[in-house]
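Protein chains: 4
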Amino acid sequence: MGIIERKEREKERRKDEIVEAARRVFFEKGLVTATMDEIAEAAELSKATLYLHFPSKEDLYLAVAMGGLRALHGKFQEIIEHEPSIVRALHRMKEAYMEFFRTQRQYVQMFSFLQMSQFHKQVSDHMRSTCDSENDKHWEAIIGLLRRGVEQKIIRDDIDPTEMAIVLWTNASSLMLRADNEHDMWKRRRNIDLRKTMETSFRMTIDAILTPAARLEYQALLHAEHAAVHQS
Amino acid sequence: MGIIERKEREKERRKDEIVEAARRVFFEKGLVTATMDEIAEAAELSKATLYLHFPSKEDLYLAVAMGGLRALHGKFQEIIEHEPSIVRALHRMKEAYMEFFRTQRQYVQMFSFLQMSQFHKQVSDHMRSTCDSENDKHWEAIIGLLRRGVEQKIIRDDIDPTEMAIVLWTNASSLMLRADNEHDMWKRRRNIDLRKTMETSFRMTIDAILTPAARLEYQALLHAEHAAVHQS
Amino acid sequence: MGIIERKEREKERRKDEIVEAARRVFFEKGLVTATMDEIAEAAELSKATLYLHFPSKEDLYLAVAMGGLRALHGKFQEIIEHEPSIVRALHRMKEAYMEFFRTQRQYVQMFSFLQMSQFHKQVSDHMRSTCDSENDKHWEAIIGLLRRGVEQKIIRDDIDPTEMAIVLWTNASSLMLRADNEHDMWKRRRNIDLRKTMETSFRMTIDAILTPAARLEYQALLHAEHAAVHQS
Amino acid sequence: MGIIERKEREKERRKDEIVEAARRVFFEKGLVTATMDEIAEAAELSKATLYLHFPSKEDLYLAVAMGGLRALHGKFQEIIEHEPSIVRALHRMKEAYMEFFRTQRQYVQMFSFLQMSQFHKQVSDHMRSTCDSENDKHWEAIIGLLRRGVEQKIIRDDIDPTEMAIVLWTNASSLMLRADNEHDMWKRRRNIDLRKTMETSFRMTIDAILTPAARLEYQALLHAEHAAVHQS
DNA sequence: CATGAATGAGGTTTCATTCAT
DNA sequence: TATGAATGAAACCTCATTCAT
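What follows is the structure in C-alpha cells.
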C-alpha cells in the first residue's frame, strides 16, 4: 500500500522536475521558439519521457503556467482568508501581484497565452479541465471577496461583483503584460515608467469599485504606506 | 516615369491582394495554425510569391493586423478631429470600438499578438518601424485628446495623460480580447454577458478619468442615449 | 532437487503461456504490426517480463512459429512411421498439410518468415540452433521416406531424394502462402480457387517424383477417395 | 507545352534517382533494417524530399521491387513475343529467370515481400493498383503462352492454364527465395547446391505441364544444350 | 516576377529494449 | 522474478523558408 503511494509521489516528483525544466526553457524562449529537445535536455531526460508524462508541448506549457497561476492564487487566497479588512485585502493583493511581477514576470506572458482560444484547442481535455477548475477557484475567491465588500458597504453595489472581478483582474493583468513587453519602449520614447502606470491603473480601478467612504479609507492607507516608505 | 509609378501601384495592389487573402486565412485559423500554403492558395499564388512580398509569415500577419489597426485608428482620428466635445468624443470612440468588435472581432486577437515581444522579434525591421510609427500616431491622437480634456477641465489633472491613455486603451482592449475568447464560457458558467461587461468596464474607466463635472455630463449623455434607444 | 525441477517446470509453463499469448497476437497482427505491449497485455504480464523469457520479439515469434512447425512435423512423423505404403504416406501428408492450412493457416505466413535470412540475423543463437535442429529432423524424415520410396521403386531414382524433398516441401509451402495471401484476389479477378490450385500443385509434384508404376497406384488412390467423397 | 513535359520528365528522373538510391540501401539492409535517413543520404536528398515523392517507406520499397519486376517481366515479354516455339520459350524464360537470379538475386527477397498481405496494407492505394496492373500484365502473358501451348498440343489440356501459370511461377520463385536464403546452409550440411536444385525443380514442373510429345522435344533441347556447353 | 521543388527543423508517435527497484 | 519507468531510434508529418529556373 505504502509502495503504491511512494510510486505515486515519485511520479509526481518526476512530473514536477519536468515542469521545472520546461519552465526554465519557456521563460527563456517562449512557447513557439522552445523545442521539446531543449526541454528534454534541460530536464536531463529523453524526449520520449516528456511525452510519457505530457501529451504535447502545449500541455506542458499549460502545466508550467498553472504552476505560476497556483503560486499567485495561493498568495491571493491567503490574503483573502486572513485579512479581515476588504480594503486592505485589495491593497495587499495588488502588492502581491506587483511582487509576483517583479520576481516572476515571465509568467505574465504565459497567462496571456492561456486565454487564447487558439491555444486551448491544442491542449488535452484533462489539462484543460484541470486548468478550468483552478481558474474557477480563483474567480470564486475574488468574487467572494467583492461580495463581502458589497455587504460591508465597502464595494459599490450597482455593479455585479462578478463583472467587477473580471474588470479588476483583466485590467491588472493586461497592464502587466504591456509592462513586460513594452517597458523599455515607453521609457525610451515617452519617458513613461510602466511600473508606475501599473500602480496608477490599480488605483484607478480600485477607486472605481469602492464606495465613497471606503475610498477615503483606501487613500488613507496609501498615504500611510507612502509615509512609511519615505521614512525608511 | 509613369511606367515606374504604374508598376509601383500594381505592386501595391498585389500586396493588398495577398494581405486580403491572408486576412481571411488568419481570421479563420489564427497565426500558428494558419499555413503559408493555405494563404498561397487563398491568394491564388504560389508560396514562393508570398515571400517576394513579405519576408516572413509574421510580417504578413503584422501587415494584416495593421490593416485592422489603421481602420480602427481612422475612425478614432475622425472622431477626435471632428467632435468638439471631449466627453462626446470619448463616448463615440467607445461606440466605434464596440462596433469594430461586433463586425471584425478577429482583429482583436491579432492586436493582442502585436504587443508580444516574442512576436516582435520575428518581424522585419522595416515592418516593425512601420508598425511603430502607426502606433505612435494613434497614441499621439489619444494623448492629445486627453491633454485637451485636461485643459478644458474635463479630464482630471492629477494623472499624466499619457498614462491615462495607456490605461484607457489597455483596459478596453484586454476586455475585448477576453470577450472574444471567453464569451461563451462566462455565459454558460456564470450567466455573464461579457459584451455588457465591456460596457461596464468602459464606463468605469471613463468615470475614473473624468473630473466630477464632466462625469455628470457623461452620465447625462448615457442617460439621453439610453432613453433614445428605448424609444425606438 | 525436486524443488529445482518444479521451478524448471513452472518456468516452462510460464514460457508456454507467453508463447500462447504471443501466438494470438501474431496471428492477428503479424510480426511487424504486433507490439510487445499487446503481447504483454495478452499474456497479462509486463513487457519487461517477456524479456526475461525471450531475448527479442523475433525470438518470441520464432518460438510461436516453432510450435506450429512441431505440430505439423509431429503429424508428418506419425504418418511416416505408421503408414507402410509410401504412396499412401505422401497422400496422407498432403491431407495433413491441407488440414493444417484449413485450421491454422496463419502459421504458414510465419513459416515463410523463418527462412528469410534478414529475419534470422535478429534471432538469438540458441533459438536459431533449436530451430535448425527441429528443421533437420523434419528434413531427415521426409528424405528418409523418399529414400525408402526409391528403394521400393516407388520414387524415381534419377533425382537426388534430398533435392526432391526440397522441391516437394518448397512447392507445397509456397502455394499455401500464396493461397493465404491472394485467395480472394484470384477468386475475384480470374475466378480461381487457390485451394483447388493447391491440390493441383500437389498432384503435379507428386506425379513428377513417382515412378510410372507408383503413379498408377497414386491415381487409383485418388480415384477411390474421390468416389468415397461423392458417395457420402 | 514543352516546358510542362520537360518538368514531367525531370520529376520522373528524380523519382528514378530516389528509387535507385533506395534500391542500393534496401539491397544491403532489407526493408526493416533500412532507414529513410540512410536512403535520403544515399540519394543525396533530404528525408522530407523522399516523402514528397513517396508517401511511406513501404511505398518506396514497392517502387524498387516494381523496378525489378518490370525488368524481369520485360525479358519474359520479349521471349514470349519473339520465340515461336512454346517449348523453347519456356526454356528461355527459365534461363532468363536464372540469369536474373545470378545477377540481381536481392530482388527475389523483395518479390516475396510483395505478396505478403501484411505488407500490402501499409502501401498507398495508388502504388498498390500500379503494382496490381503490372502483375496482371505479367500473369496475362504467361497464361497466354500456356493457352497457346494447349492449342498447339504442347501443354497438357487437363489443367487450367491459369492454375498452371500460378504453379509454374510460384514453384520457381519459391525455390529461388530458398536458394537466396539457404544456399550456404544446404551446401554445408548436406552438400546440396540449391542452384542445381532450382534447375531440377524447373525441369520437374515443366515436365509436368508438357504433353508427352512436347516432353520429348524439351528433353532434346536440354540434351542439345548440354552437349553445347560441354563442347565449349 | 513567379513558381515548383527542395529542405532543415522539429513536433509527434511508436516501439523494442533496458534499468532500477 | 516481476515491473513501472525510461530511453534511443526512427517513422511520420508539417512547415516556413529558400533555390533554381
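These protein sequence lines are chains E, A, Y and Z, in that order. Per this note's numbering, the very first residue in the first sequence carries number 393; after that it's consecutive. Per this note's numbering, the very first residue in the second sequence carries number 393; after that it's consecutive. Per this note's numbering, the very first residue in the third sequence carries number 393; after that it's consecutive. Per this note's numbering, the very first residue in the fourth sequence carries number 393; after that it's consecutive. Where is the CB? At the ideal position from N, CA and C, for every residue including glycine. Being a predicted model, the structure only gives us computed values, none of them experimental.
- Query: F503 (chain Y) lies in the alpha helix (DSSP H); which residues open and close that run?
  - Reply: By 1-based counting over the third sequence, the position of residue 503 (chain Y) is 111. Per DSSP, F503 (chain Y) belongs to the alpha helix (DSSP H) from Q498 to L506.
- Query: Cβ atoms of N573 (chain Z) and H530 (chain Y): under 9 Å apart, would you say?
  - Reply: In the third sequence, counting from the first residue as 1, residue 530 (chain Y) sits at position 138. In the fourth sequence, counting from the first residue as 1, residue 573 (chain Z) sits at position 181. No.
- Query: Taking 8 Å as the line, does the beta carbon of A435 (chain A) fall inside it for any heavy atom of the ligand FMN?
  - Reply: In terms of ligand content, the structure shown is empty, and the ligand FMN therefore cannot be addressed.
- Query: If you run the structure through DSSP and keep just helix, strand and coil, what is L437 (chain A)?
  - Reply: Sequence index remark: in the second sequence, residue 437 (chain A) carries index 45 (1-based). Of the three classes helix, strand and coil, the one that applies to L437 (chain A) here is coil, per DSSP.
- Message: Within 9 Å of any Cβ in chain E, is that where the Cβ of Q623 (chain A) sits?
- Response: In the second sequence, the residue the question calls residue 623 (chain A) occupies position 231. Interface criterion not met: the Cβ of Q623 (chain A) is under 9 Å from no Cβ in chain E.
- Tell me whether the beta-carbon of W578 (chain Y) lies closer than 9 Å to the beta-carbon of L586 (chain Y). For the purposes of this step, residue 578 (chain Y) is taken as the residue at position 186 of the third sequence. For the purposes of this step, residue 586 (chain Y) is taken as the residue at position 194 of the third sequence. For W578 (chain Y) and L586 (chain Y), yes; Cβs fall inside 9 Å.
- Using a Cβ cut-off of 7 Å, pull out every chain A residue sitting near T592 (chain E), in sequence order please. Mapped onto the first sequence, residue 592 (chain E) falls at position 200. The answer, in chain order, is I551, E555 and V559.
- Message: Cβ closer than 9 Å: which chain Y residues qualify as neighbours of S516 (chain Z)?
- Response: Taking the first residue of the fourth sequence as position 1, residue 516 (chain Z) is located at position 124. What S516 (chain Z) touches in chain Y: nothing, since even the nearest Cβ is about 17 Å away.
- Message: Within 10 Å of its beta-carbon, does Q544 (chain Z) have 16 or more other beta-carbons around it, so buried, or fewer, so exposed?
- Response: For the purposes of this step, residue 544 (chain Z) is taken as the residue at position 152 of the fourth sequence. Classification for Q544 (chain Z): exposed.
- C-alpha gap between Q554 (chain Z) and I535 (chain Z), whole angstroms: Reading the fourth sequence from its first residue, position 162 is the one you call residue 554 (chain Z). Reading the fourth sequence from its first residue, position 143 is the one you call residue 535 (chain Z). The sequence as given places Thr at residue 554 (chain Z); Gln does not occur at that position. Taking the straight line from one Cα to the other gives about 6 Å.
- Message: Would A463 (chain Y) and I472 (chain Y) be called neighbours here (beta carbons separated by less than 9 Å)?
- Response: What you label residue 463 (chain Y) is simply residue 71 of the third sequence in a count that begins at 1. What you label residue 472 (chain Y) is simply residue 80 of the third sequence in a count that begins at 1. Between A463 (chain Y) and I472 (chain Y), the CB-CB gap reaches or exceeds 9 Å.
- Query: Under 9 Å between the Cβ atoms of A426 (chain Z) and E420 (chain Z)?
  - Reply: Position 34 of the fourth sequence holds residue 426 (chain Z). Position 28 of the fourth sequence holds residue 420 (chain Z). The answer is yes: Cβ separation under 9 Å.
- Residues in its own chain within less than 8 Å of T597 (chain Y) by CB, not counting five upstream and five downstream? One-based indexing of the third sequence puts residue 597 (chain Y) at position 205. Result list for T597 (chain Y): V559, L560, N563 and A564, in chain order.
- Message: Just to confirm before moving on: does the CB-CB distance between M519 (chain E) and D576 (chain E) stay below 9 Å?
- Response: Residue numbering aside, residue 519 (chain E) sits at position 127 when the first sequence is read from its first letter. Residue numbering aside, residue 576 (chain E) sits at position 184 when the first sequence is read from its first letter. Against a cut-off of 9 Å, the Cβ pair of D576 (chain E) and M519 (chain E) comes out as no contact.
- Item | Rounded C-alpha distance that separates T603 (chain Y) from D550 (chain Y) | Position 211 of the third sequence, counting from 1, holds the residue named residue 603 (chain Y). Position 158 of the third sequence, counting from 1, holds the residue named residue 550 (chain Y). Distance between the alpha carbons of T603 (chain Y) and D550 (chain Y) is about 10 Å.
- R406 (chain Z) and H445 (chain Z) look like a contact to me (Cβ under 8 Å); what is the Cβ gap, rounded to whole Å? Locating residue 406 (chain Z) in the fourth sequence gives position 14, where the first residue counts as 1. Locating residue 445 (chain Z) in the fourth sequence gives position 53, where the first residue counts as 1. With a beta-carbon spacing of about 7 Å, R406 (chain Z) and H445 (chain Z) fall inside the 8 Å limit used to define contacts.
- Local conformation of I410 (chain Y) per DSSP, three classes: Here residue 410 (chain Y) refers to the residue found at position 18 when the third sequence is read from its first residue. Helix, per DSSP.
- Task: Quick one: which residues of the region 467-496 of chain E get their C-beta closer than 9 Å to a C-beta of chain A? List them in chain order.
- Result: none
- Closer than 8 Å, Cβ to Cβ, to anything on chain Z: give me those residues from the region 434-463 of chain Y, in chain order. none
- Query: I598 (chain A) by DSSP, collapsed to three states: which one?
  - Reply: Walking along the second sequence from the start, residue 598 (chain A) turns up at place 206. Helix at I598 (chain A).
- Message: At the 9 Å Cβ level, is Y610 (chain Z) part of the contact set with chain Y, yes or no?
- Response: As a working mapping, residue 610 (chain Z) is identified with position 218 in the fourth sequence. Cβ-Cβ to chain Y under 9 Å: no for Y610 (chain Z).
- Whole angstroms is fine: what's the gap from M502 (chain A)'s alpha carbon to A457 (chain A)'s? As a working mapping, residue 502 (chain A) is identified with position 110 in the second sequence. As a working mapping, residue 457 (chain A) is identified with position 65 in the second sequence. If you take the alpha carbons of M502 (chain A) and A457 (chain A), they lie about 6 Å apart.
- Task: Could you please give the first and the last residue of the uninterrupted alpha helix (DSSP H) stretch that includes S565 (chain Z)?
- Result: In the fourth sequence, residue 565 (chain Z) corresponds to position 173, counting from 1. It spans P553 to R582 - the alpha helix (DSSP H) in which S565 (chain Z) sits, taken as one unbroken run.
- Residues bridged to I547 (chain Y) [DSSP beta-bridge criterion]: Taking the first residue of the third sequence as 1, we reach residue 547 (chain Y) at position 155. Answer by DSSP bridge pairing, in chain order: Y:L602.
- What in chain Y is Cβ-close to T589 (chain Z), meaning under 8 Å? One-based indexing of the fourth sequence puts residue 589 (chain Z) at position 197. E555, I558 and V559, listed in chain order.
- Query: Shortest alpha-carbon distance to K403 (chain Z) belongs to which of Z:E430, Z:L506 and Z:T441?
  - Reply: Position 11 of the fourth sequence, counted from the start, is the residue given in the question as residue 403 (chain Z). Comparing Cα positions, the closest option is Z:T441.
- Hey, how far is the Cα of A620 (chain Z) from the Cα of M485 (chain Y)? Position 228 of the fourth sequence, counted from the first residue, corresponds to residue 620 (chain Z). Position 93 of the third sequence, counted from the first residue, corresponds to residue 485 (chain Y). Using only the alpha carbons, I get a separation of about 41 Å.
- Return helix, strand or coil for V542 (chain Z), following the three-state DSSP convention. Residue 542 (chain Z) sits at position 150 when you count from the first residue of the fourth sequence. Reduced to three states, the DSSP call for V542 (chain Z) is helix.
- Item | N-terminal and C-terminal residue of the alpha helix (DSSP H) that F468 (chain E) is part of | Position 76 of the first sequence holds residue 468 (chain E). Unbroken alpha helix (DSSP H) run through F468 (chain E): K449 to H474.
- Query: With 16 as the cutoff for other CB atoms within 10 Å, does T466 (chain E) come out buried or exposed?
  - Reply: As a first step, residue 466 (chain E) is located in the first sequence; it is residue number 74 there, counting from the start. Per the sequence presented here, residue 466 (chain E) reads as Gly, with Thr not at that position. It is exposed - the Cβ of G466 (chain E) has fewer than 16 other Cβ atoms within 10 Å.
- Item | For Q507 (chain Y), the nearest candidate out of Z:H474, Z:R497, Z:I546 and Z:L569 (CA to CA) | Mapped onto the third sequence, residue 507 (chain Y) falls at position 115. Considering only alpha carbons, the answer is Z:L569.
- Message: With a threshold of 9 Å between beta-carbons, can A620 (chain A) be considered close to chain E, or not?
- Response: To locate residue 620 (chain A), count along the second sequence from 1; it is residue 228. No, because no Cβ of chain E sits closer than 9 Å to the Cβ of A620 (chain A).
- Message: For Y453 (chain Z) and D528 (chain Z), I'd like the C-alpha separation in whole angstroms.
- Response: In the fourth sequence, counting from the first residue as 1, residue 453 (chain Z) sits at position 61. In the fourth sequence, counting from the first residue as 1, residue 528 (chain Z) sits at position 136. Whole-angstrom Cα-Cα distance: 19 Å.
- For a contact meaning CB atoms closer than 8 Å, what does V500 (chain Z) contact in chain Y? As a first step, residue 500 (chain Z) must be located in the fourth sequence, where it is residue number 108. Going along chain Y, no residue has its Cβ under 8 Å from V500 (chain Z), so there is no contact; the nearest lies around 11 Å.
- Task: Anything in the region 561-575 of chain Z with a Cβ closer than 8 Å to a Cβ of chain Y? List those residues in chain order, please.
- Result: T562, N563, S565, S566, L567, L569, R570, D572, N573 and E574
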